[in-house]
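A.B. asks:
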Amino acid sequence: MSDAYDRQLVSEDTTTFERFCGGIVGVSFLLFVFGLTTLFQVASLDTRILGLELVQFFGLGLTVVGVTVLAVGAASRTDTVDTMPGDTSGIGVAVGFGLIGVVIGGLTASQTFGLGLVGWLLAALVLGGAMAAVALFTREDVGSTVLPGGVAIAVGLVLLFEVIGPEWSWAPGDFSATFNALVVVAVLVSFSSLLLTWTGAKAYAGFGSRGRQNGAYLLIGLNAITMIAILLLLVVFVFSKGWPALTRGLQIGPGLNLDIPFLMNVSQGIYVDVPGVLPAIMGTVWIIIGASLFAIPLGVGAAIFLTEYAEQGNFTRVVEITTNGLWSTPSVVFGLFGYAFLVPRFGNNQSLLIAMLVLGFMLLPLVVITSREALKSVPSDYRDASAALGVSQWQTIRSVVLPAALPGVITGVILGIGRIAGETAPLILVLGGTPFPSTVPRVIEGFEFTMAPPFISNDVLLQSTSALPYQIYASITAGVGTQDAQAFGWGTALVLLLVVLSFYLVGIIARKYFSRKLRSD
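Residues 9 to 529 (our numbering) make up the sequence shown, in order.
1. Which residue spans inside the region 460-488 form an unbroken beta strand (DSSP E) run of at least 3?
2. Taking the C-alpha atoms as reference points, what is the distance between SER394 and THR404?
3. How many Å lie between ILE516 and VAL507 at the Cα?
4. Which same chain residues, not among the five before or five after THR91, have their C-beta less than 7 Å away from its C-beta?
5. Have a look at ARG519 and LEU414 and give me their C-alpha separation to the nearest angstrom.
6. Quick one: using the 10 Å Cβ neighbour count with 16 as the cut-off for buried, is VAL171 buried or exposed?
7. Skipping 5 residues on each side, what residues in its chain have a beta carbon closer than 7 Å to that of PHE369?
8. Can you find the residues in the same chain that come closer than 7 Å, C-beta to C-beta, to LEU203, ignoring five residues on each side of it along the sequence?
9. Quick check on TYR317: buried or exposed, where buried means 16 or more other Cβ atoms within 10 Å of its Cβ?
10. Taking the beta strand (DSSP E) that ASN265 belongs to, which residues open and close that run?
11. Among the candidates ALA79, ARG450, PHE313 and VAL282, whose CA atom is the shortest distance from the CA of LEU410?
12. Classify GLY74: buried if its beta carbon has 16 or more other beta carbons within 10 angstroms, exposed otherwise.
13. According to DSSP, is ARG450 part of a helix, a strand, or is it coil?
14. Rounded to the nearest angstrom, how far is the Cβ of PRO443 from that of GLN479, given a contact under 8 Å?
15. Per DSSP, what kind of secondary structure is SER118 in: helix, strand or coil?
16. Could you check which residue in THR432, LEU258 and VAL451 has the C-alpha nearest to that of TYR481?
17. Look at VAL80 and ALA211 and say whether their C-beta atoms are less than 8 Å apart.
18. If you reduce the DSSP assignment to three classes, tell me which class ARG147 lands in.
19. Is the beta carbon of LEU53 less than 8 Å from the beta carbon of VAL41?
20. DSSP state of LEU332, grouped into three classes?
21. For the ligand ADP, I want to know if GLY157 counts as a neighbour, meaning its beta carbon is within less than 7 Å of at least one of the ligand's heavy atoms.
22. Give the straight-line distance between the Cα atoms of GLY441 and PRO434, rounded to the nearest whole angstrom.
23. Strictly by DSSP, which residues pair up with GLU61?
24. Is GLY136 buried or exposed, if buried means 16 or more other CB atoms sit within 10 Å of its CB?
25. Per DSSP, which residues does ILE260 bridge with? Please list them.
26. Can you tell me where the beta strand (DSSP E) with GLU456 in it begins and where it stops?
27. Tell me, to the nearest whole angstrom, how far the beta carbon of ALA82 is from that of GLY109; I am working on the premise that it is less than 8 Å.
28. Quick check: what's the CA-CA separation for VAL5 versus VAL451?
29. Just to confirm, is the Cβ distance from THR45 to LEU196 under 8 Å?
30. Span of the alpha helix (DSSP H) holding PRO287?
31. Look at the alpha carbon of ILE260 and the alpha carbon of LEU266, and state the distance between them as a whole number of angstroms.
32. Please classify GLN358: is it buried, with 16 or more other beta-carbons within 10 angstroms of its beta-carbon, or exposed?
33. Does DSSP put ASN188 in a helix, a strand or coil?
34. Quick one: grab the DSSP three-state call for TRP178.
35. Could you tell me the boundaries of the alpha helix (DSSP H) in which ILE418 lies?
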């Protein structure tokens, strides 16, 4: 986008037409957000807003905005406002709305009118072809407003008159699943409002190339915002479900002395008022620490060899393919490997050490991949300048290349820890023991020095323990249908989320520290 274009947008006064289009974008975006939040049960469909049920409120909003979009298209087509539409909406838009028409026509003909294969297929092709033709053979201001506006009005009327109401459900004949109104309404509202937002953005810029650019920017921005919003909603959802269990029995003493029984208790059973998860917390922490101590040195060392020493050829390509394949391998396969290969070699006992090794094997490929990419991103000028000063290759790697690549390596480690911390299937196979132990694994205190090889031993590492993912699985499956078991499971899930976020925070702080140190040097 040129500076002249920026100055023109800033210097011109906003017209009434642009205000209408901006209103379309704003209201449609709010409907889009509310539609997504409905999936997380922030509000039920029978919640009343301005005397209307939420589903009717969605219908009214879509209908009003859809009519406004049609009015905007009519104003542009009759030259009431000054716009620069193209001769056609484009092949991409035609294909997109053609597919939308096929879906709408097929579902309506088969599910509403009960037509057979020939009937619904014909209806799908006719409606899809008609919508594609409108987008392809009419002027852009018509094709880009009539189609989104018509879809929004149709959906809006269906919701407004409660053809799809709060108690509505849909059970397709060829599927065993039943779709309730909550899911269907959320999808319809979000999709329709997304079309309206795109149209409003194009119209705001007067259609044409600037309008298409505006619409594309908005869709990309909404995609990024949606991903962040979904992440935040997931976190908020887990917090809302797990917070009551986490704060049960919470006491704040003098001097802000916190007593959180759910985090501090180590006992389970009927004699404990608030069952605790401290053994599982410590089990998870030790598993992550052990896996990291195993995988990070090996992964970074392998990445240094492959990037700095090995000749780039068939060998490095094979290693790259292998590491990518290992990273995409399902976690249960690693668990089976640990159960079949490692457990027999450690006395046929499932233990904390085997869990560390298995999750370390899972973490290793990502450390290798991200470390290699981080090392490759270091400019070759750094290496050449160091070599020109007479510094050896290893000293160059240790003092120049590794510090420059360290932020990228830390990022890879953070991503890997985030994956292994929540793995359940491998732990079920290799961790063993009761999921609700009454003792905390005291790994550091378990180390003992001996006079015989290997001169150090730790029986704690060779014992079974628990971990947060394993405990969540056990609490949910063992207490299906009981409110206490579900509350305990959600509380444990919240604790697991906090543990993972804590590791993320440590990694982010370390990344920022080394990045700042690198810039200062």
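Glycine included, each C-beta is placed from N, C-alpha and C at the ideal position.
C.D. replies: Taking the coordinates as given:
1. With a minimum length of 3 residues, the continuous beta strand (DSSP E) runs that stay inside the region 460-488 are 464-466.
2. Going by C-alpha positions, SER394 is about 6 Å away from THR404.
3. When rounded, the distance between both Cα atoms is 14 Å.
4. Counting only Cβ-Cβ distances below 7 Å, and skipping sequence neighbours, we find SER84, ASP149, GLY214 and PHE215.
5. Here the C-alpha atom of ARG519 lies approximately 8 Å from the C-alpha atom of LEU414.
6. With fewer than 16 Cβ atoms within 10 Å of its Cβ, VAL171 is classed as exposed.
7. Result list for PHE369: PHE342, in chain order.
8. The beta carbon of LEU203 is closer than 7 Å to those of PRO156, VAL159 and ALA160 in its chain, skipping five residues each way along the sequence.
9. By the neighbour-count definition (other C-beta atoms within 10 Å, threshold 16), TYR317 is an exposed residue.
10. Counting along the chain, the beta strand (DSSP E) containing ASN265 begins and ends at 265-267.
11. Checked all of ALA79, ARG450, PHE313 and VAL282; the closest Cα to LEU410 is PHE313.
12. Around the beta carbon of GLY74, 16 or more other beta carbons lie within 10 angstroms, which makes this residue buried.
13. Of the three classes helix, strand and coil, the one that applies to ARG450 here is coil, per DSSP.
14. Going by Cβ atoms, the distance from PRO443 to GLN479 rounds to 5 Å, so yes, they are a contact pair.
15. Reduced to three states, the DSSP call for SER118 is helix.
16. Of the candidates THR432, LEU258 and VAL451, the one whose C-alpha sits nearest the C-alpha of TYR481 is THR432.
17. Taking 8 Å as the Cβ cut-off, VAL80 and ALA211 qualify as a contacting pair.
18. Coil, per DSSP.
19. Their beta carbons are not under 8 Å apart, which means LEU53 does not touch VAL41 by this criterion.
20. Contrary to the premise, residue 332 reads as Asn rather than Leu in this sequence. ASN332: helix per DSSP, three-state reduction.
21. Judged by which ligands are present, the structure shown has none, so any question about the ligand ADP falls away.
22. Taking the straight line joining both Cα atoms gives about 14 Å.
23. When DSSP reads this structure, GLU61 sits in a beta bridge with ARG56.
24. By the neighbour-count criterion, in which a residue is buried when 16 or more other Cβ atoms sit within 10 angstroms of its Cβ, GLY136 is buried.
25. Beta-bridge annotation (DSSP): ILE260 is paired with LEU266.
26. Note, GLU456: beta strand (DSSP E), 455-457.
27. With 8 Å as the limit, ALA82 and GLY109 do not qualify as a contact, their Cβ atoms being about 22 Å apart.
28. The structure shown has nothing for residue 5, since the chain only spans 9 to 529.
29. Taking 8 Å as the Cβ cut-off, THR45 and LEU196 do not qualify as a contacting pair.
30. Looking at the DSSP string, the run of the alpha helix (DSSP H) that includes PRO287 is 286-312.
31. Rounded to whole angstroms, ILE260 to LEU266 spans 5 Å at the Cα level.
32. Flag for GLN358 reads buried.
33. Correct three-state label for ASN188: strand.
34. In the three-state scheme derived from DSSP, where H, G and I count as helix and E and B as strand, TRP178 is classed as strand.
35. From DSSP, the alpha helix (DSSP H) with ILE418 extends over 410-428.
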